[in-house]
Every structure is written in C-alpha cells, then in structure tokens.
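No gaps in the numbering here: position 210 of the sequence shown is 461 in this note's numbering, and each next residue is one more. First the structure, in the form of structure tokens, and then the observations on it.
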Amino acid sequence: MFSTGSMAQTVSGTITDNQGNKISGAKVRILDSKQQVTTNKNGDFNFANAPDKSLELHITASGYAHINKHIALNDGANVAISLARSAIEVIDVKATPFHASVMEASIPVSVLSGEKLRQQQASTLGDTLEKQVGVHTNFHAGVASTPIIRGLSGPRVMITQNGLDVSDVSRVGPDHSVATEASTATQIEVLRGPATLFFGSGAIGGVVNVVDERVPTNNTPFGEFILEKNSINNQKLAAFNVKNGTDSFAFYADGFWRESDDYRIPEPPKSAASNEHHNKVENSAEESNSFTLGGSYLFDQGYVGLSAGKLNREYGIPGHTHGEEETHEDQHDHDEESEPQVFADLEQNRYQLIGEYNFDDSLFTAVNFKASYTDYKHAEIEAGAVGTTFANDTTELKVDLLHHPIMDWRGGISVHAKDTDVEAIGSEAFTPPSTQKMIALAMMQERHFDNILVQFGARVERVTLDAKNVRLPHLEAHGHDESGEAEVHDHDHGHEEESAELTRVFAVEQTFTPVTTSLGVVWDFTEGYNVGASISRSQRAPSASELLSFGPHIGTRSYEVGALFSLNDHNEVALTSQAIDLETANNIDISFRKTQGDVAVIVNAFYNQVDNYYYQVATGLFGSDGHDHHGHDHGGHSAGELPVYIFKSQDATLHGFEAQVNWNINEELSSSFFADYVRARLKNGGDLPRTPPLRFGTNVRYQLESFSAHLDITRYQEQDKVANLETATSGYTLVDLGVSYQLPLLDHDITFYATAKNLTDEYAKVHSSFVKDIAPRQGRSLAVGLRAYF
C-alpha cells in the first residue's frame, strides 16, 4: 500500500486507430501518478521510470474515444493499443479531483472549449453557455445573465473559477453580473445535477467552472488574441492571453476590453425601457476591462503558483424603474420629470494560490491545494449618485489529499473552508449585511471492476449565517380592486411613510449541517456503449437573501420578503413561526451513451425530488418602492408600487431529459441534434416560475482545409406551464450562421471569421428572464473578427 515507485519499470507501446494507422499527439497518462507522455509521429510512447507495480493507463486523442488500459507488472513493454473514432469531442473535466469526461462520468458533464468556445462566447456567462444541452440563460438584456441548469439557478448553481467560488453577488439578483470572463478562458465545464460532493451545498443544482491558466501548470509557450466587432450593439472586443517560461518558472498574462451600445431588437416592446423610434433596449450598454498576471514555480514533484487579477465592468440595468411601466405617451407627457437611467459600476480584485505536490513514498500520492481571496463590490448609480452598494469579501481554501490504491480503490479526502462577508448598503438594500462561514470534510472513492466503474462519496458541512441588523419594516401591503385602485384601509398612512418605519431591528444566527451522499456506476456493457447511473442525496442551507430579504428589489421589479417572515390575515408582515429547514434534493440520473463510430449518442434522464424547496410566491399584494414619484398616477394606481413576493418552502419535483446525437457524415461534413426538457412543479400542485421550455435544435458543420462553416437552428417551444400571476411565453426559432478561414502567416495561425445570429430577425422573449417583456433577445446581428494563435 505504501510503495509508490522506489523501484521502477519501463512501459512503452504504440497507439493506432482501428485501421492500424499510427496516432501522433495522443496523451498517455499513468493513473495514480502525474506521469504523462505524448506519442511521437509514429504513435510511440515510453515511460522509463514507471512505478514498479500493475498499472492503469489512460489514453486520449482528439477525435477518438478515451480508453483505459490495464498493464500487469513487468508486462508493459511494447504494448499495442487501438483507439476508436468518436463523433463527440471528449475533453477531460478539471473541476473534479477524479478523471471525468462526457463519455465516462457517472454524472452528466459537458465541456465548451477551443473553437466552439470562441464561436459561442458572449459578454455574459449565461448567454455563452445557453447552447449547451441542459443549460439555459436567465437573459438580462445582454448585460447580466447566469446559467440555468435543469431549471435551477441562483443559489443552487455554483459558479467557480479554477474550482473556487467566483465570489460575486450574481446569485442574489439577476441584474447582477457574473464576475468572470469567457474570452480569456480555455474551457468552461458544466456539471449537470447535484455536485455538492466537490463544491458544497451551493451546488445542489450543478456547477459551472470557468478554467483559465492564470496559475500555469507548465511552461509550454502559448499565445492567443481576439479582435471582434458586432453590429447589433456596436460592440468592440479585444482580448489576449499568453504563457511562457523557463525551466523552473512559468509566467502568464491575460486581458480584455469590451465596449458596447444599447442593442437593437426586431420591434419595440410596449414599455418605458425601450426606444420606440430606434427599436433599441435602452440602458443595455456596457464597458468592461480586465487584466491578470500569474506565475508558477515548477519542480519535479509538482508546482505552486500565484495570480492576481482585476476586473472592471460598467453596465446599464434595463427596467430599473420605480413603479409601473409607462407607455410612450406617458413618457412624452412627463419627459421633463423622467427618471434617470441606472447603471452598475463593478470592481473585483481576485487573488489565487494553487499548487500540487506528488509524494515519493507515503500513504498519499498527492496533495492538491487551492486558495483564493476576492474583494468584490458594485455600486448602482442613479442621477450621478450612488444609490446602493453591494460588496462581497470571500476567503476560500480547498485541500484534496489523494491516496494510493487500497484494495484497488482510488480516492481521497477533501477539506474545504469558506468565509463570506456580504453587505448591501443604500436605498435599495433589500438584504441586511451578513457573514456566512462554511467548513466541510468530504471523502470520494472509485474502483474498476472489469468493465464496471463504481464511484461513491460523502460530505458533511457546517454552515453558520450571522446577520446583526435584520430589519423588519412596517409594511402594510395592499391589493387592488377590479378597477385597479389600491384598496386602502383606515390604518394605512401612505406607502412611503410605512416603508420608512421600522418595527424592530434584531440579530439572526442560524447554523446548518448539510450532508451529501452519492453513488454512481458506469457499465461498459459492450464495446463502444455504456450506461451510467447515479443516486445522490444533497442538502443546502438557504441563502441570506432567501431568508432575510425585506424591501424593494428593482432589478426583479418586485418587493421581496424572505422566508424568515410571513404575512398575516391583515396583510401585515411578522416573523414566521415555521422552522427554517435545509433544502434536500434526492436525485436520480440515468445515462445511455454510444461512444464510438461515426454516430455518437448521449441520452440522460433525471428525476429530482426536492424537499423544502425555497421559492418566491406572488402574493397579489403591492408595497412601496420607497421613492417619491411626485404623486404621478398611471393606470389608476401609484407609480411607486411593486408587487410583493415572499419566499416560502414546499416540496417540489423536477424531472426531464437531455439528448444529443452527433453524426460524422464524411471527412468534411458533420451534423448534430439535441433536445432538452425539464418539468418543474410543486408537489401539492402548481408550477415553479420561470422554468425554461422544451428546446430542440440541429447543427451542421463543414470543414474543408482552411475553410469552415456552421449553421445552427434552435427551436424554443411555448411555455404555458407557469406559476401564479406569471405570464406564458410564445415559442420562437433562432437561426445562426458562421464562417471562418484559417490563414497561416509567419508560422502563426490566424483565423478570420464572421457570425450572423438570429438571421430571421425573430422577436423572441426568454421565458426564464425577469425582464422578458421589456428586454427581448437581440435582433439580427453580424459579428466579424480575427483570432490568432502563436
């Protein structure tokens, strides 16, 4: 058990395809070791100092299915290994301490990288990933969006950068931008379904991991830059990343700059947030820039590196109005008193320390450690003055200890700690300042039994939530009568006076102990086919915003009340008498995969029973937004009203499927088809709000030497399964076309490209968007640019 290679053996061989053709550039890695080599032009590889024991090799090559090969002790000379073609590009996931890919993991994963990442990258993370199967966007006018995975988002989907929390406030509100960037990333990974085992209770619905090389693990020289111009919003983008080094040191730098104007839509919505003369969504402009430096010290047993990055982003917040939407005539009548546009000024400083040490002779094979400190803040500015400031200071540490195989079981333990200090200060600070601390211990194991892979794990956390100044304002919410007039009671004193009164200020201390268990199996039941199944029970502590919110949230155009409070029969808010419970997800995933040949197939089906699901309920009541609107009245009721939504918990069920078929028609032409669907409803009846509709589509790609083209057609069906007071959304079809030409120049690859999106200029509302009625999708657009690799 303790032997790791004080003795050594030589392992060598040749990698070929099914026709006997030699494969160069294939990567051969010894599992339980960091030793990896690449085959030469003759397909040959060689390990001169392989551990003196039976080995398991993992072989990968672009365009081929991955394979594991068992090598008996002293039987590793001149091994012949054959790889089969695969129509699906198989890329390893870096988000987990174990090897995983779309074709091999017991949980559904996908990776967006290379040219596909560059073709799909957008200014926001959710919009970048929305073509990934099982992933949608909560589209917020192109300036902010987060991914929706199988109908779940917000505090249920963890967004990480190189495996550590991105640490912004995007999980608090949809108008808050995610503080990470796709244009400088090397790949973006999506783990669909509960991933709490690796990332904690905030990943009960899935994980999106943005990978870059800001802490380089090798000194292989690499460089890339991008220049792009987009017609839809006059967007201009410039981005670069570069890596180089010496024998013992590696250095990295990246940066980007992006600027855009308000974007055009096919036709104006009937809303105050659109310019009816120019068919543009007002206040949807953005200006962003970032710069990162990193370096690593490389040594025989591993590496250790540090990075520092700064991100600045200034973007408009469409729909950030106080009260009822005005018609175009209303705007004209009150032009002199029109409310100023609101924009967010975001700044983040992020520091990461990442390292790896491989032991020569110990119980453990390696220790991987990651640490980060993030200083984030953004101010919402109105009429030149700061209205509300959001801040998030986060310190995080994760250590994975991987042990040598014990009775052929590989695995390790993980220690994870995070300290998050979040505050919102200002006129629209709907949540009080709070501190959340988390410490966790996890164990993960896996073993191959011939053609069956078994994986299991468990994690226990301790989460504490402290808030010293929780506010209970005096709010007497009111309804409207049939004519739209506010129903006023004798004890009402005017909404704005009520919102200013406080009945009490108190402290909240909550402690939770979420526990996660998971079991997964992958069975290669015949050559080129496997089935996977995973069962998990994951728990999540409710977030501060779900518990403690109390006030107007203009980004969602609502008055939010947290689960710590409840409405009584007189429409008055008081502390709830119900217990604050953990949210518990019991999830089953079943996958079928055809991994080899010119046709590849992946089909996933899932069923997720969530106990104590926290969600917002429309009460049908209205509260004041806290602003003085000079007595304006629109449509018979106050312009300063917001609908009241209150957080409640109830058992919910989410189930659905994801399907993906890729077909390599010939050497030049390939096509794919995908579909995904989720049905989200409450156990006692009713639908969950903003659930993405059934979606399906096709993609055709053509590649001829230096020229390539792709056509994407995606159909979104009507969504009429809606929550109380939520409106249905019509279906629509999007058509995208892209072409590129690669030109070798001075030993560098330069690609010129053009991409047209929404070719038919379809008017399309995103059902999962909070601002779908005032900020539909962009109209027809054309982007041109160039990418260079050196």
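All C-beta atoms, glycine included, are put in the ideal place defined by N, C-alpha and C.
For residue 200 and residue 906, what's the separation of their Cα atoms in angstroms?
Outside the displayed span of the chain (252 to 1041) sits residue 200, for which this structure offers no information.
Distance between beta carbons of residue 338 and residue 781, contact taken as under 8 Å:
Wrong, their Cβ atoms sit about 15 Å apart, outside the cutoff.
Among the candidates 563, 518, 269, whose CA atom is the shortest distance from the CA of residue 630?
563
For the beta strand (DSSP E) holding residue 809, just list the boundary residues, first then last.
809-812
Classify residue 911: buried if its beta carbon has 16 or more other beta carbons within 10 angstroms, exposed otherwise.
buried
Residue range of the unbroken beta strand (DSSP E) whose run includes residue 367:
Looking at the DSSP string, residue 367 is not in any beta strand (DSSP E); the run it does join, the alpha helix (DSSP H), is 365-371.
Helix, strand or coil for residue 831, going by three-state DSSP, please let me know.
coil
For residue 757, which residues of its own chain have a beta-carbon under 7 Å away from its beta-carbon, when the five flanking residues on both sides are left out?
721
Less than 8 Å separating the beta-carbons of residue 937 and residue 961?
no
To the nearest whole angstrom, what separates the beta carbons of residue 346 and residue 334, a pair I think is in contact under 8 Å?
Their Cβ separation, rounded to whole angstroms, is 25 Å, which puts residue 346 and residue 334 out of contact at 8 Å.
Touching by the beta-carbon criterion (3+ pairs, under 8 Å), the region 402-412 and the region 444-460:
yes
Can you tell me whether DSSP reads residue 805 as helix, strand or coil?
helix
Residues that residue 938 bridges to, as DSSP identifies them
932
In the DSSP output, which residue or residues are listed as bridge partners for residue 302?
259
Residue 1037 in three-state terms, based on DSSP
strand
Rounded distance between the beta-carbons of residue 950 and residue 981, thought under 8 Å
Going by Cβ atoms, the distance from residue 981 to residue 950 rounds to 24 Å, so no, they are not a contact pair.
On a CA-only basis, which of 515, 485, 483, 540 is nearest residue 243? Give me that one, please.
Lying before the first or after the last residue shown, residue 243 is absent from the chain, which here runs from 252 to 1041.
Please state the DSSP three-state secondary structure of residue 268.
strand
Does DSSP put residue 448 in a helix, a strand or coil?
helix
Measuring alpha carbon to alpha carbon, tell me which residue in 1030, 996, 795, 901 is nearest residue 681.
795
Identity of the residues DSSP links to residue 715 by a beta bridge
688, 762
Please name the residue in 454, 692, 418 whose C-alpha comes closest to that of residue 597.
418
Alpha-carbon to alpha-carbon, residue 517 and residue 265
57 Å
Which residue or residues does DSSP assign as beta-bridge partners of residue 491?
476, 506
Would you check whether the ligand NAD has a heavy atom nearer than 7 Å to the C-beta of residue 815?
The model depicted lacks the ligand NAD and carries no ligand whatsoever.
Could you pull the start and end residues of the beta strand (DSSP E) that residue 674 belongs to?
660-677
At what residues does the alpha helix (DSSP H) containing residue 796 begin and finish?
795-799
Residue 324 and residue 307: beta carbons closer than 8 Å?
no
Just the Cα atoms here: how many angstroms apart are residue 652 and residue 605?
14 Å
Rounded straight-line distance, which links the Cα of residue 644 to that of residue 390:
26 Å
Considering residue 546, what are the terminal residues of the beta strand (DSSP E) in which it resides?
537-550
Look at the Cβ atom of residue 858, then the Cβ atom of residue 834, and state whether they are nearer than 8 Å.
no
Only counting the same chain, and skipping five residues up and downstream in sequence, which positions put a Cβ closer than 6 Å to that of residue 705?
698, 772
From this set, 305, 1016, 893, 986, which residue's C-alpha is nearest residue 1009's C-alpha?
986
What are the start and end residues of the beta strand (DSSP E) that includes residue 989?
983-996
When you compare only the Cα positions, how much space is there between residue 421 and residue 484?
23 Å
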